[in-house]
Amino acid sequence: MTIKAKILITDDDHLVREAVVKILQMFGYEVEAASSGEEALDLLRADFDAIILDINMPGMDGFETMAAIKEKDYGIPVLFLTGAGSMEYAVKAINLGAYDFISKPIEDLDLFNVKIHRAVEKRMYVQQERVYKEKLEIEVRNKTRELAEKNVLLEEYSNSLEVSAVNTITTLQVALEEKDQYTAGHTTRVTEYSSLIAKAMQVSSDDLAVLQRACRMHDIGKLVIDNSCIRKPGPLTDEEWQLVRKHPEIGQNIIKPLGFLGREGEIVRHHHERLDGKGYPDGISGDDICHLTRIITVADSFDAMTSKRSYKTNMSRQEGIDELRRCVGTQFDPGVVKVFAEVLSKSKQTRVEAL
Ligand SMILES: [Fe+2]
Numbered sequence: 068m069t070i071k072a073k074i075l076i077t078d079d080d081h082l083v084r085e086a087v088v089k090i091l092q093m094f095g096y097e098v099e100a101a102s103s104g105e106e107a108l109d110l111l112r113a114d115f116d117a118i119i120l121d122i123n124m125p126g127m128d129g130f131e132t133m134a135a136i137k138e139k140d141y142g143i144p145v146l147f148l149t150g151a152g153s154m155e156y157a158v159k160a161i162n163l164g165a166y167d168f169i170s171k172p173i174e175d176l177d178l179f180n181v182k183i184h185r186a187v188e189k190r191m192y193v194q195q196e197r198v199y200k201e202k203l204e205i206e207v208r209n210k211t212r213e214l215a216e217k218n219v220l221l222e223e224y225s226n227s228l229e230v231s232a233v234n235t236i237t238t239l240q241v242a243l244e245e246k247d248q249y250t251a252g253h254t255t256r257v258t259e260y261s262s263l264i265a266k267a268m269q270v271s272s273d274d275l276a277v278l279q280r281a282c283r284m285h286d287i288g289k290l291v292i293d294n295s296c297i298r299k300p301g302p303l304t305d306e307e308w309q310l311v312r313k314h315p316e317i318g319q320n321i322i323k324p325l326g327f328l329g330r331e332g333e334i335v336r337h338h339h340e341r342l343d344g345k346g347y348p349d350g351i352s353g354d355d356i357c358h359l360t361r362i363i364t365v366a367d368s369f370d371a372m373t374s375k376r377s378y379k380t381n382m383s384r385q386e387g388i389d390e391l392r393r394c395v396g397t398q399f400d401p402g403v404v405k406v407f408a409e410v411l412s413k414s415k416q417t418r419v420e421a422l
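Residue numbers (the numbering used here): 68 to 422.
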């Protein structure tokens with residue numbers, strides 16, 4: 068069963084109104100009729116397919132009625148009934164947004180039907196376009212939400228992969244240290260010292276994370292150096308020394324496949340460089356040594372000085388600070404040493420005491 072198109076006809080002249088109703092019904096339309104603009108607005112619903120309006124009516128005229136209809140935004144085409152010779156009305160109606168106009172009296176029924184039919188088609192087209200647009204908007208919203216949810220999952224997955232990779236490397240490094248009672252806890256202490264310095268120097272949270280990851284893997288290159296060489300209780304031979312000096316570069320190479328650790332790799336590579344360029348492996352100096360590397364070199368050296376080794380007794384904390392100060396400008400960054408000395412002196416009740 069086909070649904071009949073619905074037309075609303077409004078004319079204060081009952082003869083005209085009834086004639087138009089009959090013609091419309093003859094052409095198969097479902098019709099509702101109103102005798103004034105006010106009544107038309109009362110009857111107005113979104114399911115009308117076209118509205119026919121007389122212009123001259125008591126109360127609201129056709130133009131006022133059309134303006135009120137447009138405010139509802141149903142998208143229903145409006146056709147005006149204009150008396151013969153009132154072409155200026157017809158032009159005004161079109162300019163105000165009417166879809167078409169019909170001259171009365173209606174003499175050419177076929178032309179009348181064509182105009183109504185065209186308006187109904189226009190209405191259908193507008194409605195289809197609205198439905199399509201609404202569907203499209205819902206679809207785009209759903210897809211955007213799905214994509215955002217997938218992105219969150221992907222990011223979580225990627226973050227957990229990154230954390231796992233860093234944890235694996237740290238576990239290896241700590242395991243290596245734990246094999247030797249003299250180096251046990253070194254990584255934890257270097258990470259802690261570096262964090263204290265970095266926070267006191269107010270480095271950004273991103274930089275702090277990079278520094279902490281670099282600390283946790285800074286000696287991973289020692290994995291490939293024979294333990295007897297690392298633990299040797301006396302001076303190293305030239306050959307052994309050459310081997311030990313390779314661990315920063317090897318460390319960088321170990322983590323290189325993990326692309327997200329690029330900055331950490333640079334810090335690992337340079338954690339034995341000196342300000343005067345006499346460090347290793349590259350002998351870089353001054354500003355070529357980044358601010359985070361300057362922090363780890365101080366923390367790493369301080370822990371080495373103040374920890375017992377099989378071949379030496381450890382320095383006291385004060386002796387360690389004095390030694391750092393002695394090497395300021397040649398080996399260490401003066402600003403970093405100054406901050407570290409202050410942090411240590413203030414930290415009697417902090418966790419550093421327990422390290
Ligand atoms: Fe090292």
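C-beta atoms are modelled at their ideal positions from N, C-alpha and C, and glycine is treated no differently.
Which residues mark the beginning and the end of the beta strand (DSSP E) in which residue i is found?
i	result
E97	E97 to A101
T77	K73 to T77
L310	It is not in any beta strand (DSSP E) - L310 instead sits in the alpha helix (DSSP H) that spans D305 to V311.
D400	Where D400 is concerned, there is no enclosing beta strand (DSSP E), given that its DSSP letter is neither H nor E.
Straight-line CA distance for residue i to residue j?
i	j	result
I173	K189	22 Å
K289	D389	28 Å
R418	T373	Low local confidence applies: a pLDDT of 48 at R418 is under 50, so the model's placement there is unreliable, and no value is given.
F407	V257	12 Å
E99	I136	16 Å
G387	N381	9 Å
E106	Q195	28 Å
S102	E213	53 Å
N234	G252	16 Å
S272	E245	30 Å
G332	N209	41 Å
I287	I205	52 Å
V187	T211	36 Å
V83	L203	44 Å
R376	K413	27 Å
M154	I161	11 Å
D274	V403	15 Å
S352	N294	30 Å
Count the other C-beta atoms from every protein chain shown that fall within 10 angstroms of the C-beta of residue i, then say buried if there are 16 or more, exposed otherwise.
i	result
A242	exposed
K200	exposed
P300	exposed
Y224	exposed
A421	Reliability of the predicted coordinates at A421 is poor, the pLDDT of 42 falling under 50, and the value obtained from them is presented with this limitation in mind. Looking at its Cβ environment, which holds fewer than 16 other Cβ atoms inside 10 Å, A421 is exposed.
M284	buried
E216	exposed
E222	exposed
H81	exposed
K73	buried
Y192	exposed
E340	buried
M93	exposed
K171	buried
Q248	exposed
By DSSP, does residue i sit in helix, in strand, or in coil?
i	result
S352	coil
V145	strand
S170	strand
R112	coil
I119	strand
R256	helix
G104	helix
V150	With the sequence shown as reference, residue 150 is identified as Gly, and Val is not the correct amino acid for it. In the structure shown, G150 sits in a strand (DSSP, three-state: E or B).
R283	helix
R84	helix
R341	coil
V270	coil
I70	coil
Find out if the Cβ-Cβ distance for the pair residue i, residue j is shorter than 8 Å.
i	j	result
K342	V365	Note that residue 342 corresponds to Leu in the displayed sequence, not to Lys. No, they are not a contact pair.
I264	V395	no
L120	G129	yes
S261	L239	no
A267	L325	no
I70	L91	no
T360	I334	yes
A179	T149	Residue identity check: residue 179 is Phe in the sequence provided, not Ala. Going by C-beta atoms, F179 is not nearer than 8 Å to T149.
L310	R280	no
M124	D79	yes
P302	H337	no
A113	V145	no
G142	R197	yes
Can you name the start and end residues of the alpha helix (DSSP H) that residue i belongs to?
i	result
S331	Here residue 331 is Glu; the residue named in the question, Ser, does not match the sequence. E331 -> alpha helix (DSSP H) spans G329 to R336.
E188	L176 to E245
V365	H358 to T373
N294	N294 to I297
V158	M154 to N162
M133	G129 to K139
Q248	That residue, Q248, is in no alpha helix (DSSP H); it is neither H nor E in DSSP.
L391	R384 to R393
N381	Neither: N381 is in no alpha helix (DSSP H) and is coded neither H nor E.
P315	H314 to I322
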